[in-house]
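Notes follow the structure.
There are 2 protein chains.
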Amino acid sequence: MPPAASRPTLEAVAARAGVSRATVSRVVNGGAGVRGPLAARVRAAVEELGYVPNQAARTLVTRRNGAIAVVVAEPQSRFFSDPFFAQQVRGISRELSAHDNQLVLLLTGGPADRERVGRFLTSGHVDGALIFSLHADDSLPVLARKAGVPTVIGGRPTWPDTDARRRTLYVDCDNRGGARDAVRHLLGLGRRRIAHIAGPLDQPASVDRLDGFRDVLPDTPAALVAEGDFTPEGGARAMEALLERVPDLDAVFAASDVMASGALRVLRTRGRRVPDDIAVIGFDDMVSVAEWTDPPLTTIRQDIEEMGRLMAQLLLRTLELQAGPDGTAAASPIITPTRLVVRASA
Amino acid sequence: MPPAASRPTLEAVAARAGVSRATVSRVVNGGAGVRGPLAARVRAAVEELGYVPNQAARTLVTRRNGAIAVVVAEPQSRFFSDPFFAQQVRGISRELSAHDNQLVLLLTGGPADRERVGRFLTSGHVDGALIFSLHADDSLPVLARKAGVPTVIGGRPTWPDTDARRRTLYVDCDNRGGARDAVRHLLGLGRRRIAHIAGPLDQPASVDRLDGFRDVLPDTPAALVAEGDFTPEGGARAMEALLERVPDLDAVFAASDVMASGALRVLRTRGRRVPDDIAVIGFDDMVSVAEWTDPPLTTIRQDIEEMGRLMAQLLLRTLELQAGPDGTAAASPIITPTRLVVRASA
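Okay, here's the thing in structure tokens:
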């Protein structure tokens with residue numbers, strides 16, 4: 001329930017002054033475009049009633065709540081167990097705090113939740129949304145766009161940039177370039193039978209990393225690529241399948257550190273030495289994973305916290321541009337660089 | 001920005017019909033208490049303008065957003081690393097989803113964040129709040145109460161139940177009774193020099209567990225009680241201090257599993273066998289901790305997820321009662337039972 005129930009409202013001031021709410025708003029916020037006598041009448045009403053513009057009134061004028069939604073369209077268990085989200089949220093939170101914006105975290109589970117999240121997003125409680133939806137489902141971004149809620153997506157969306165109707169701001173790392181660096185590093189070590197454990201191929205990051213792998217090794221037989229699911233178990237299963245199909249493979253590029261950790265476990269169980277027999281390289285440089293594996297993991301680093309910060313920055317910039325005189329100016333997606341971090345596994 | 005900007009508003013209908021917004025609301029939602037001719041005029045205006053009550057209008061009428069804030073007034077790093085929060089949020093989410101309410105998670109860091117969270121809480125975006133503020137600071141609950149935002153606190157608040165001005169709904173487990181069970185279990189094993197690693201004593205749960213310990217062992221010398229901070233490191237430091245002061249202690253009751261895990265590490269390093277030399281019992285039955293320690297931890301179980309569910313239920317019930325004919329009916333705090341879970345450490 002609104003806190004101002006017992007305080008004089010904007011409506012009360014408007015009624016007392018015999019003007020519209022919009023006029024009261026304009027006067028209270030500087031009086032631009034309101035004739036002198038009218039403005040004086042409004043000021044008198046404000047004084048008489050002891051009206052104090054509250055947050056809701058400020059919102060009416062600035063059309064800003066000072067609140068940004070972060071939507072995680074993934075199961076909650078994943079949100080709490082995958083350090084990726086904690087790092088992104090930390091970066092987002094840092095940037096939003098610096099600009100006195102409240103981070104409003106909306107967790108979703110099933111499709112029913114998603115509908116409810118859509119309702120909240122489009123009901124004027126937040127000024128914009130940062131959406132993480134790793135799979136091919138774009139229902140929330142579409143909903144937000146239709147409702148005019150500015151949105152930035154975490155990671156390249158599944159639809160092509162060239163589709164203007166669905167043009168979307170996003171922040172992603174250079175997945176394809178990073179994957180190329182990983183494979184080149186393995187080639188540089190003299191490896192010649194290099195396998196790839198891909199992420200789920202309904203996620204753009206997985207596709208981009210596979211594309212980067214193929215950029216460098218276009219003639220790789222299908223037997224050397226196995227699809228995982230970004231979990232340690234998925235990485236382990238993929239590693240087992242690869243060893244079954246190509247017993248003499250000498251290197252593996254896993255599309256995530258978490259999958260690489262599962263692969264390392266399988267290699268240890270099978271008595272394959274890393275990196276002597278098989279070199280292993282991951283992707284992400286997830287601190288709590290890459291540094292703790294045995295041996296510590298060589299990987300491709302993406303700055304996850306910084307990407308969160310950039311998402312927030314891009315959204316706030318978009319809100320500014322929309323509020324500015326040239327309301328049609330548009331910001332652009334951001335691709336952050338990756339870099340090779342050499343530890344012991346490759 | 002509100003999605004309905006281009007759709008006819010409640011205000012437009014009110015203006016067209018020449019009545020107040022409140023009257024339009026009442027007619028649109030059943031017409032109770034509106035005279036026939038007036039109601040007819042409003043219905044005509046609704047038809048003419050093609051007005052469809054939207055979420056915001058529904059909110060005005062029912063005074064419900066269908067959204068509940070969960071506020072965690074702890075550093076974000078703690079929120080993501082302490083499984084306690086994940087379990088509580090899971091329980092809360094389950095209950096809110098079942099009643100089609102959106103969980104709106106507000107993370108706070110420093111005092112500046114807290115002010116901003118207060119602003120969001122009291123600006124009419126949510127119908128109520130579930131607040132976790134483990135320390136003696138009650139600024140957010142007080143703010144929420146003043147703004148008329150129904151609130152349920154996670155854990156007994158620091159102020160006494162008897163302070164009617166600050167009467168607060170909360171859900172907590174029977175910390176004191178659980179602590180008594182822990183100490184009695186150690187006594188039953190024949191232990192006679194039983195130490196206690198307390199939590200930070202600015203938190204009611206810590207105080208209650210210490211009180212339960214003293215209920216059973218009122219003559220315990222101060223040397224057998226050390227204060228920790230609910231971290232493994234704090235538990236380790238407290239264990240070292242206790243061994244220093246009372247080298248022949250034969251049992252430890254730690255006020256949390258996490259602190260017990262730190263204590264176990266110290267005992268192992270010092271060559272003290274658990275439970276042979278020193279029996280150890282924890283509190284919480286935090287699945288990811290108690291089952292993984294070496295040896296597995298005997299502990300006092302509290303059903304953390306269920307407590308989250310009950311918090312949500314209590315808040316929704318409170319909202320119902322307030323909306324009902326007897327708006328003054330009040331719900332009561334809930335204390336959930338604990339139980340001893342015997343594993344290997346005591």
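Here the protein sequences line up with chains E and L, keeping their order.
Following UniProt numbering, the numbering of the first sequence begins with 1 at its first residue and continues without gaps.
Following UniProt numbering, the numbering of the second sequence begins with 1 at its first residue and continues without gaps.
Built from N, CA and C at the ideal position, the CB exists for glycine as well.
Since this is a predicted model, take the numbers as computed values, not measurements.
Looking at the structure shown, is residue i part of a helix, part of a strand, or coil, going by DSSP?
i: A39(E); result: helix
i: Q102(E); result: strand
i: G188(L); result: helix
i: T269(E); result: helix
i: V152(L); result: strand
i: L201(E); result: coil
i: G110(L); result: coil
i: R339(E); result: strand
i: D172(E); result: strand
i: G308(L); result: helix
i: A45(E); result: helix
i: A346(L); result: coil
i: W159(E); result: coil
i: A195(E); result: strand
i: A331(E); result: coil
i: S20(L); result: coil
Just to confirm, is the Cβ distance from residue i to residue j under 7 Å?
i: residue 347(L); j: A144(L); result: As shown, chain L starts at 1 and ends at 346. That puts residue 347(L) outside it, with no answer to give.
i: I300(L); j: G178(L); result: yes
i: A112(L); j: A69(L); result: no
i: A263(E); j: G235(E); result: yes
i: I304(L); j: Q87(L); result: yes
i: T269(E); j: P204(E); result: no
i: R193(E); j: D277(E); result: no
i: S288(E); j: A255(E); result: no
i: V266(L); j: P295(L); result: no
i: C173(E); j: T9(E); result: no
i: R94(L); j: R309(L); result: yes
i: L314(E); j: V152(E); result: yes
i: M311(E); j: G154(E); result: yes
i: V24(L); j: V34(L); result: no
i: Y170(E); j: R156(E); result: yes
i: V252(L); j: V216(L); result: no
i: R176(L); j: D127(L); result: no
i: I131(L); j: V89(L); result: no
i: A241(L); j: A222(L); result: no
i: H99(L); j: L316(L); result: yes
i: A67(L); j: S133(L); result: no
Taking the continuous alpha helix (DSSP H) assigned at residue i, which residues delimit it?
i: D215(L); result: 204-216
i: A15(E); result: 10-17
Note the first and the last residue of the continuous beta strand (DSSP E) segment covering residue i.
i: residue 347(E); result: A question about residue 347(E) goes unanswered here, because the residues of chain E that appear run from 1 up to 346.
i: L140(L); result: L140(L) -> not in any beta strand (DSSP E); alpha helix (DSSP H) instead, spanning 139-146.
i: A73(E); result: First-last for A73(E): undefined, no H or E at that position.
i: A129(L); result: 128-132
Report the CB separation of residue i from residue j in whole angstroms; it is logged as a contact under 8 Å.
i: L140(E); j: G118(E); result: 6 Å
i: M286(L); j: P83(L); result: 6 Å
i: A39(L); j: V27(L); result: 5 Å
i: R209(L); j: F283(L); result: 6 Å
i: R19(L); j: V46(L); result: One detail in the question is off: residue 19(L) reads as Val in this sequence, not Arg. Their Cβ separation, rounded to whole angstroms, is 11 Å, which puts V19(L) and V46(L) out of contact at 8 Å.
i: L340(E); j: A331(E); result: Their Cβ separation, rounded to whole angstroms, is 30 Å, which puts L340(E) and A331(E) out of contact at 8 Å.
i: E306(E); j: G91(E); result: 6 Å
i: L297(L); j: A260(L); result: 6 Å
Suppose only complete runs of 4+ residues qualify. What are the alpha helix (DSSP H) ranges in the stretch 234-305 of chain L, listed by chain order?
List check, alpha helix (DSSP H) in window: 257-269, 287-290.
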